[in-house]
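Read the structure below first, then the notes.
Residue numbers (the working numbering), protein chains in the order written: chain A, 1 to 277; chain B, 278 to 449.
Put into structure tokens, the structure is as follows:
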């Protein structure tokens with residue numbers, strides 16, 4: 001007992017250091033494994049409201065650029081509208097159409113905190129649970145894919161951006177539907193890599209990459225980027241593909257969160273199938 | 278005593294704001310990722326008790342962590358650096374420094390001593406920070422070059438700040 005007390009007395013600095021370091025590592029491990037723990041969300045919310053205040057001031061400097069990108073997007077959407085098409089038929093009739101049912105809805109949000117140069121980048125937005133955002137929803141900008149929601153508090157959400165080691169987004173080539181997975185290697189925020197594309201597929205520089213519908217996160221056809229480099233090593237089964245991203249992460253201001261109304265149904269069905277084995 | 282405490286608190290807030298509002302937004306390259314807030318731990322008086330240094334480092338890391346994702350990175354890195362500082366100073370600071378309750382800075386200890394002191398401890402801090410962020414050794418050399426480049430950038434920024442502030446203070 002006396003020895004123990006002596007030991008504690010002699011090494012109390014080390015013991016303090018050891019326990020605090022262990023505490024930090026456990027917190028970090030929990031964050032990396034479960035992505036959310038209740039008290040982390042509160043501290044996250046304090047920081048988010050700090051960044052929101054900063055952002056309220058700095059966003060004025062980029063208003064012109066934001067307006068331009070929104071105008072471009074509006075113009076593109078207007079050309080898709082029904083009244084932009086010339087009626088080529090002879091008869092005009094209205095039908096009560098039950099063929100279509102809305103599957104995806106979009107929630108707009110502003111970026112309050114963002115980084116592009118860390119190994120694992122996260123984005124914070126100013127919409128949260130109150131606005132209907134839930135973890136594992138997809139996030140896009142007006143140009144293309146941005147990331148996936150990981151944690152949600154009342155008024156804010158954090159997004160694991162595509163520039164993150166742990167973000168794996170299912171994607172395919174637009175021209176032939178050959179699929180792969182997006183992985184960021186951590187060197188340049190303008191480019192990412194498309195991996196696991198089989199070598200028998202023809203791939204050229206300039207081919208467009210879009211999302212596919214393997215996951216419940218993104219609707220099919222959201223643009224990702226274009227292939228900027230292609231190589232195939234001898235004896236390798238997969239192409240090495242570098243993709244230039246459409247989304248400019250360093251100037252990201254406005255994003256849309258995608259709500260998939262059929263997600264629960266699909267997840268439930270897939271879970272049942274897995275349970276059978 | 279109170280004034281001294283307030284000075285340190287003010288310095289901490291200043292460093293934190295500089296880090297979050299200015300340095301965080303300089304996004305030069307994925308390899309250069311400087312952090313200057315460890316300067317707060319580096320400039321604590323030499324005579325600060327070891328357990329106090331460790332505890333202050335931990336609290337500093339905790340506060341910085343609330344502004345970054347994931348939580349825990351800065352806590353682990355800064356606590357480690359604070360603990361290492363105790364040994365570095367045992368070896369590098371002399372008895373007069375301890376008696377004078379010297380707070381290490383560029384003008385008191387000279388450029389060579391100060392830059393080396395920063396370099397060793399910032400390098401340790403960045404090593405823990407960047408490797409924990411990647412969370413694996415699979416990109417060992419790439420992460421090492423990030424640690425190396427970022428440490429140089431951090432120390433350069435800290436030294437620049439010291440030259441600007443303390444040279445101005447000396448002239449008065």
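Even glycine gets a Cβ: it sits at the ideal position worked out from N, Cα and C.
Task: Cβ separation of residue 181 of chain A and residue 171 of chain A, assumed to be a contact under 8 angstroms, to the nearest whole Å - done: 7 angstroms
Open item on the list: Here's the rule I'm using: 16 or more other beta-carbon atoms within 10 Å means buried, otherwise exposed. How should residue 111 of chain A be labelled?
Closed with: buried
Task: Assigned secondary structure, residue 30 of chain A (DSSP; H/G/I helix, E/B strand, else coil) - done: helix
Open item on the list: Assuming residue 279 of chain B is part of the alpha helix (DSSP H), what are its boundary residues?
Closed with: 279 to 294
TODO: Rank B/441, B/399 and B/308 by C-alpha distance to the C-alpha of residue 319 of chain B and give the top, closest one.
DONE: B/399
Task: Where the stretch 399 to 425 of chain B meets chain A: residues whose CB sits under 8 angstroms from a CB there - done: 407, 409, 410, 411, 412, 416, 419, 420 and 423
Task: Amino acids of chain B, ordered along the chain, whose beta-carbon sits closer than 7 angstroms to that of residue 187 of chain A - done: 307
Task: Contacts around residue 382 of chain B, its chain only, beta-carbon distance under 8 angstroms, and the 5 residues preceding and following it disregarded - done: 320, 391, 439 and 443
Open item on the list: Which of the three DSSP states is assigned to residue 331 of chain B in this structure?
Closed with: helix
- [ ] Indicate the three-state DSSP secondary structure (helix, strand or coil) for residue 151 of chain A in the structure shown.
- [x] strand
Open item on the list: Report the start-end ranges of each alpha helix (DSSP H) in the stretch 347 to 395 of chain B that is 4 residues or longer and not cut off at the edges.
Closed with: 350 to 369, 372 to 376 and 383 to 386
Task: Where residue 268 of chain A falls: helix, strand or coil (DSSP) - done: helix
TODO: Would you tell me roughly how many angstroms separate the C-alpha atoms of residue 226 of chain A and residue 145 of chain A, rounded to the nearest one?
DONE: 12 angstroms
- [ ] Can you tell me which of the three DSSP states residue 37 of chain A falls into?
- [x] Unreliable positioning characterises residue 37 of chain A in this predicted model, as indicated by a pLDDT of 48, which lies under 50. The coordinate reading is nonetheless provided below. DSSP places residue 37 of chain A in coil when its eight states are reduced to three.
- [ ] Could you tell me the boundaries of the alpha helix (DSSP H) in which residue 9 of chain A lies?
- [x] 2 to 10
- [ ] Could you tell me whether the Cβ of residue 327 of chain B comes closer than 9 angstroms to any Cβ of chain A?
- [x] yes
Open item on the list: Please tell me whether residue 38 of chain A has its Cβ less than 9 angstroms away from any Cβ of chain B.
Closed with: Since pLDDT at residue 38 of chain A reaches only 48, below the 50 mark, its modelled position is unreliable, and the value read off the structure follows with that caveat. Chain B contact via Cβ: absent.
Open item on the list: Short of 6 angstroms in beta carbon distance, which residues of its chain neighbour residue 266 of chain A, apart from the five on each side in sequence? Order them along the chain.
Closed with: 216
Task: Extent of the continuous beta strand (DSSP E) to which residue 124 of chain A belongs - done: 122 to 125
- [ ] Return the residues of the stretch 356 to 376 of chain B that lie within a Cβ-Cβ distance of less than 9 angstroms from chain A, sorted by chain order.
- [x] 356, 357, 359, 360 and 363
- [ ] For my contact list, residue 137 of chain A and residue 243 of chain A are in at a C-beta cut-off of 8 angstroms; report their separation, rounded to the angstrom.
- [x] That belief does not hold up - the Cβ atoms of residue 137 of chain A and residue 243 of chain A are roughly 23 angstroms apart, past 8 angstroms.
Open item on the list: Quick check on this structure: which residue in B/312, B/408 and B/373 has the alpha carbon closest to the alpha carbon of residue 323 of chain B?
Closed with: B/373
Task: DSSP beta-bridge partners of residue 191 of chain A - done: A/244
Task: Where the beta strand (DSSP E) through residue 208 of chain A begins and ends - done: 208 to 211
- [ ] Could you pull out every residue in the same chain whose Cβ sits closer than 6 angstroms to the Cβ of residue 403 of chain B, ignoring the five residues on either side in sequence?
- [x] 424, 427 and 428
Open item on the list: Classify residue 178 of chain A: buried if its beta carbon has 16 or more other beta carbons within 10 angstroms, exposed otherwise.
Closed with: buried
TODO: Tell me whether residue 388 of chain B is buried or exposed, calling it buried when 16 or more other Cβ atoms sit within 10 Å of its Cβ.
DONE: exposed
- [ ] Compute the beta-carbon to beta-carbon distance between residue 349 of chain B and residue 228 of chain A, rounded to the nearest angstrom, for a pair I have assumed lies under 8 angstroms.
- [x] Rounded, the Cβ-Cβ distance is 36 angstroms, inconsistent with contact.
Task: residue 38 of chain A versus residue 28 of chain A: straight-line alpha-carbon distance, rounded - done: Per-residue confidence for residue 38 of chain A stands at a pLDDT of 48, beneath the threshold of 50, marking its modelled position as unreliable; the derived number appears in the next sentence. Whole-angstrom Cα-Cα distance: 14 angstroms.
Task: Where residue 58 of chain A falls, given that 16 or more other Cβ within 10 Å makes a residue buried - done: exposed
Open item on the list: Nearest by alpha-carbon distance to residue 103 of chain A: which of A/268, A/271, A/264 and A/272 is it?
Closed with: A/264
TODO: Taking only the alpha-carbon atoms, compute the straight-line gap between residue 19 of chain A and residue 260 of chain A and give it to the nearest angstrom.
DONE: 44 angstroms
Task: chain B contact residues for residue 104 of chain A, given Cβ-Cβ distances below 8 angstroms - done: Ordered by position in chain B, no residue passes the 8 angstroms Cβ test against residue 104 of chain A, which lies about 27 angstroms from the chain.
Task: Minimum Cβ-Cβ distance from residue 304 of chain B to chain A less than 9 angstroms - done: yes
Open item on the list: Along the chain, where does the beta strand (DSSP E) containing residue 317 of chain B start, and where does it finish?
Closed with: No beta strand (DSSP E) contains residue 317 of chain B, which is instead part of the alpha helix (DSSP H) from 316 to 319.
Task: Chain-ordered chain B contacts of residue 178 of chain A [CB-CB under 7 angstroms] - done: What residue 178 of chain A touches in chain B: nothing, since even the nearest Cβ is about 27 angstroms away.
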